[in-house]
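*Asks:* Here you go, one structure.
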């Protein structure tokens, strides 16, 4: 018989104070937590009563409450930012019942290698709003790198800038519902046919997250007609860990091919 | 610990373990129409509607369900004596073979038709993407959803 105690805070202050307890974990949608070994967990904080399920636009920014599900985000963004890369990535992640349950806050705090949300959020330069031991707004990249930001803290919201962009999100899967071996996120800010800014991330590499800065530099300030498939391939320098699903050479080669396709899709080059 | 669950419109008091999944709570309390399949959110056999949305009950801790949450199992929309139009369409189209996936399929179809009464084939496939069937090959299931949509619109 487990002795886990559940808490149901009704305010962020109450939730923050609960985080000071030992061996306590926040519960978003529970899809990740429910499959984990909870033998070392003493308490679970249910975040449902905190009102963190929303998508809103304010002062040119989009704010997403951490308890918003993937389906909720895709639906919420369709009216305020229909071409947003998050719509493309989240409406194809997992399957319908899982999309109804997986929350953005939970996805960021676990940040698994198969994440469909980390690449798009990094490309959108997302900021994570946290409360608890550390409080404030932090770039997602910092949140993922700095352990002290994650300890005894709770994600309350994610903020992204609302700007027009072209994008594509590739998931490397054998069947549609698989967790991807890697994902490729391409986000381009355009001035007609000129690429003003490029962001390319591959999530699932041996470094977990790889930003292809050389490739971004190559793409920036180039007209789409001047882009070369061969040059893109040469600039995709990522490695993967061997796994039972595929070996590293195969995945590295596939990442090159799919990055080209991903960029062409974003640019609508057939 | 004790919990109050609203299942198919009725409040039911249940005794649960803190790490118990909703699938087991439902089955242990007589709701055996909720089937236990993969228990990792892949197959949809344990699918229920939670506040009108399809979810896998195997991935949900019962303790995370609040009193105001509404759980709907397939028996909540119709039964043998008073079947729902979707259930009738599944029978008429031969969309039921072993029947194990049927409760989840019917509920996923119900959720779809509530929000989109006239879905396209690709919308049907997307709505059922969390439900696996190892018998029918899906063709008859998709036919049944189309048939149910037509009948519901004529009703």
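Chains as they are written, first to last, in the working numbering: chain A, 1 to 270; chain B, 1001 to 1155.
Backbone N, C-alpha and C fix where the C-beta goes; we use that ideal spot for every residue, glycine too.
For residue 46 of chain A, list the residues DSSP reports as bridge partners.
*Replies:* Position 46 of the first chain, counted from the start, is the residue given in the question as residue 46 of chain A. Answer is A:27.
*Asks:* Looking at the structure shown, is residue 240 of chain A part of a helix, part of a strand, or coil, going by DSSP?
*Replies:* As a working note, residue 240 of chain A is residue 240 in the first chain. In the structure shown, residue 240 of chain A sits in coil (DSSP, three-state: anything other than H, G, I, E or B).
*Asks:* Which residue's Cα is closest to the Cα of residue 1042 of chain B: A:140, A:179 and A:91?
*Replies:* Looking up residue 1042 of chain B in the second chain gives position 42. Among A:140, A:179 and A:91, the Cα nearest to that of residue 1042 of chain B belongs to A:179.
*Asks:* Give me the chain A residues within the contact set of residue 1047 of chain B, using Cβ-Cβ distance strictly less than 7 Å, ordered along the chain.
*Replies:* Here residue 1047 of chain B is taken as the residue at index 47 of the second chain, counted from 1. Result: 97.
*Asks:* Taking the beta carbon of residue 183 of chain A as the centre, do at least 16 other beta carbons fall within 10 Å, making it buried, or is it exposed?
*Replies:* Looking up residue 183 of chain A in the first chain gives position 183. Classification of residue 183 of chain A: buried, given that the 10 Å Cβ count is 16 or more.
*Asks:* Where do the ends of the alpha helix (DSSP H) carrying residue 1143 of chain B lie?
*Replies:* For the purposes of this step, residue 1143 of chain B is taken as residue 143 along the second chain, with counting starting at 1. Taken as a continuous stretch (DSSP letters only), the alpha helix (DSSP H) holding residue 1143 of chain B covers 1139-1154.
*Asks:* Is the CB of residue 273 of chain A under 8 Å away from at least one CB in chain B?
*Replies:* Residue 273 of chain A lies beyond the stretch modelled for chain A, which goes from 1 to 270, so this question has no answer here.
*Asks:* Quick one: residues in its chain with C-beta nearer than 7 Å to the C-beta of residue 241 of chain A, no 5 flanking neighbours on either side, listed in chain order?
*Replies:* Working through the first chain from its first residue, we reach residue 241 of chain A at position 241. Within the same chain, residue 241 of chain A has close Cβ partners 206 and 248.
*Asks:* Tell me whether residue 136 of chain A sits in a helix, a strand or coil according to DSSP, three-state version.
*Replies:* Residue 136 of chain A sits at position 136 when you count from the first residue of the first chain. Of the three classes helix, strand and coil, the one that applies to residue 136 of chain A here is strand, per DSSP.
*Asks:* Are residue 1099 of chain B and residue 1140 of chain B close, meaning C-beta to C-beta below 8 Å?
*Replies:* Along the second chain, one-based indexing puts residue 1099 of chain B at 99. Along the second chain, one-based indexing puts residue 1140 of chain B at 140. Result no, Cβ atoms of residue 1099 of chain B and residue 1140 of chain B do not sit closer than 8 Å.
*Asks:* Please confirm whether residue 64 of chain A and residue 158 of chain A have their CB atoms less than 8 Å apart.
*Replies:* Mapped onto the first chain, residue 64 of chain A falls at position 64. Mapped onto the first chain, residue 158 of chain A falls at position 158. Yes, they are a contact pair.
*Asks:* With DSSP run on the structure shown, which of helix, strand or coil describes residue 18 of chain A?
*Replies:* Locating residue 18 of chain A in the first chain gives position 18, where the first residue counts as 1. In this structure, residue 18 of chain A counts as helix in the three-state DSSP scheme.
*Asks:* Distance cutoff 8 Å, beta carbons only. Does residue 1031 of chain B sit that close to anything in chain A?
*Replies:* Reading the second chain from its first residue, position 31 is the one you call residue 1031 of chain B. No, because no Cβ of chain A sits closer than 8 Å to the Cβ of residue 1031 of chain B.
*Asks:* Cutting at 6 Å between CB atoms, please list the residues of its own chain near residue 209 of chain A, excluding the five before and the five after it.
*Replies:* Position 209 of the first chain, counted from the first residue, corresponds to residue 209 of chain A. Cβ neighbours of residue 209 of chain A beyond the five flanking positions: 203.
*Asks:* Among all the DSSP beta bridges, which residues are the ones paired with residue 5 of chain A?
*Replies:* Counted from its first residue, the first chain places residue 5 of chain A at position 5. In DSSP, residue 5 of chain A forms a bridge with A:43.
*Asks:* Please list the segments of the beta strand (DSSP E) lying wholly inside the stretch 147-218 of chain A, counting only runs of 3 or more residues, in order along the chain.
*Replies:* Complete beta strand (DSSP E) runs here, min 3: 153-161, 166-171, 183-191, 194-205 and 208-211.
*Asks:* Taking 8 Å as the threshold (beta carbon to beta carbon), is residue 34 of chain A in contact with chain B?
*Replies:* Reading the first chain from its first residue, position 34 is the one you call residue 34 of chain A. Yes, because at least one Cβ of chain B sits closer than 8 Å to the Cβ of residue 34 of chain A.
*Asks:* Quick one: Cα of residue 130 of chain A to Cα of residue 138 of chain A, how far?
*Replies:* Taking the first residue of the first chain as position 1, residue 130 of chain A is located at position 130. Taking the first residue of the first chain as position 1, residue 138 of chain A is located at position 138. So the two alpha carbons sit approximately 8 Å from each other.
*Asks:* In whole angstroms, what separates the C-alpha of residue 1012 of chain B from that of residue 1006 of chain B?
*Replies:* Position 12 of the second chain holds residue 1012 of chain B. Position 6 of the second chain holds residue 1006 of chain B. The straight-line gap from Cα to Cα measures roughly 6 Å.
*Asks:* Could you please give the first and the last residue of the uninterrupted beta strand (DSSP E) stretch that includes residue 230 of chain A?
*Replies:* As a first step, residue 230 of chain A must be located in the first chain, where it is residue number 230. First-last for residue 230 of chain A: 229-235, but that is the alpha helix (DSSP H), not the beta strand (DSSP E).
*Asks:* Decide yes or no for the touch test of the stretch 1109-1117 of chain B against the stretch 1044-1060 of chain B: beta carbon pairs closer than 8 Å, at least 3 of them.
*Replies:* Yes, the stretch 1109-1117 of chain B touches the stretch 1044-1060 of chain B.
*Asks:* Kindly say whether residue 50 of chain A, judged by its beta-carbon, lies nearer than 8 Å to any beta-carbon of chain B.
*Replies:* As a first step, residue 50 of chain A must be located in the first chain, where it is residue number 50. False, the Cβ-Cβ gap to chain B never drops below 8 Å.
*Asks:* For the stretch 1024-1056 of chain B, list the beta strand (DSSP E) runs that are entirely contained and at least 3 residues long, ordered along the chain.
*Replies:* Counting only runs of 3 or more, we get 1047-1050 and 1053-1056.
*Asks:* Near residue 54 of chain A, what residues of its chain come up, given a Cβ to Cβ distance below 8 Å and the 5 sequence neighbours on each side ignored?
*Replies:* Position 54 of the first chain, counting from 1, holds the residue named residue 54 of chain A. Cβ neighbours of residue 54 of chain A beyond the five flanking positions: 63, 64, 65, 68 and 76.
*Asks:* Alpha helix (DSSP H) containing residue 1015 of chain B: first to last residue?
*Replies:* The residue labelled residue 1015 of chain B in the question sits at position 15 within the second chain. Where residue 1015 of chain B is concerned, there is no enclosing alpha helix (DSSP H), although the beta strand (DSSP E) it sits in stretches over 1010-1015.
*Asks:* What residues in the stretch 1083-1107 of chain B have a beta carbon less than 8 Å from any beta carbon of chain A?
*Replies:* Against chain A - using a Cβ distance shorter than 8 Å - the stretch 1083-1107 of chain B contributes no residues.
*Asks:* Drop a sphere of 10 angstroms on the beta-carbon of residue 1010 of chain B, count the other beta-carbons inside from all chains shown, and report buried for 16 or more, exposed for fewer.
*Replies:* As a first step, residue 1010 of chain B is located in the second chain; it is residue number 10 there, counting from the start. Classification of residue 1010 of chain B: exposed, given that the 10 Å Cβ count is below 16.
*Asks:* Measuring CA to CA, which of A:135, A:125, A:171 and A:238 is closest to residue 187 of chain A?
*Replies:* In the first chain, residue 187 of chain A corresponds to position 187, counting from 1. It is A:125 whose Cα lies nearest to the Cα of residue 187 of chain A.
*Asks:* So, does the CB of residue 100 of chain A fall closer than 8 Å to a CB anywhere in chain B?
*Replies:* Your numbering for residue 100 of chain A matches position 100 in the first chain. Yes, residue 100 of chain A lies at the interface with chain B (some Cβ there is under 8 Å from its Cβ).
*Asks:* Looking only at DSSP bridge pairs, what is residue 1005 of chain B linked to?
*Replies:* Taking the second chain and counting its residues from 1, one reaches residue 1005 of chain B at position 5. BP columns for residue 1005 of chain B point to B:1012.
*Asks:* Classify residue 61 of chain A: buried if its beta carbon has 16 or more other beta carbons within 10 angstroms, exposed otherwise.
*Replies:* Along the first chain, read from residue 1 onward, the residue named residue 61 of chain A stands at position 61. Under this definition residue 61 of chain A is an exposed residue.
*Asks:* Please return the same chain residues whose Cβ sits closer than 6 Å to the Cβ of residue 1039 of chain B, not counting the five positions on each side in sequence.
*Replies:* Numbered from its first residue, the second chain carries residue 1039 of chain B at position 39. Cβ neighbours of residue 1039 of chain B beyond the five flanking positions: 1058.
*Asks:* Could you give the uninterrupted runs of the beta strand (DSSP E) lying entirely in the stretch 67-132 of chain A, keeping only those of 3 residues or more?
*Replies:* Within the stretch 67-132 of chain A, the complete beta strand (DSSP E) runs of at least 3 residues are 127-132.
*Asks:* What's the call for residue 156 of chain A, buried or exposed, on a 16-neighbour Cβ count within 10 Å?
*Replies:* Reading the first chain from its first residue, position 156 is the one you call residue 156 of chain A. With 16 or more Cβ atoms within 10 Å of its Cβ, residue 156 of chain A is classed as buried.
*Asks:* Strictly below 7 Å CB to CB, what residues from chain A border residue 1066 of chain B?
*Replies:* Reading the second chain from its first residue, position 66 is the one you call residue 1066 of chain B. Those within 7 Å of residue 1066 of chain B in chain A are 48.
*Asks:* Can you name the residues that DSSP bridges to residue 63 of chain A?
*Replies:* As a position in the first chain, residue 63 of chain A is number 63, starting the count at 1. Beta-bridge pairing links residue 63 of chain A to A:56 and A:159.
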